[in-house]
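Heads up: the sequence shown begins at -10 in the working numbering, then just goes up one per residue.
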Amino acid sequence: MTAKQALRARIDEMTEEEAEELLDFLNLQDEPGTLSEDELARVLAAEAEIEAGQYVTLEEVKAKYGLRPMRFACRTLRSATSSALASRPGHASPPG
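Written as structure tokens, this is what we have:
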């Protein structure tokens, strides 16, 4: 099955609402992003804060709140992806 055939099959299974959401998403990809004056001002202010060293790293947030790395989620996703690909003809499982 080609990629286009697979997409058509997936689209045929969608509800009208899901198809509208997908179409909205695809249309957004075609439009150049523009910021309002307020959004641009906020971005520039945030960049100035970063330049002044007023930020925290992800590692600092994790340490402060006792959060662990998401390695389990990544392994689970990689495993699920590998399993899905392995079940398809012509696809070899990635090392992992």
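Don't be surprised by glycine CBs; every beta carbon is placed ideally from N, CA and C.
Judged by DSSP in its simplified three-state form, R(-3) adopts helix. In this structure, the straight-line span from the alpha carbon of L33 to that of G42 is close to 14 Å. For E48, there are no CB contacts under 7 Å within the same chain when 5 residues up- and downstream are skipped. Under the three-state reduction of DSSP output, V32 falls in the helix class.
If you ignore the 5 residues before and after L56, its C-beta comes within less than 8 Å of the C-beta of V50, all in its own chain and listed in chain order.
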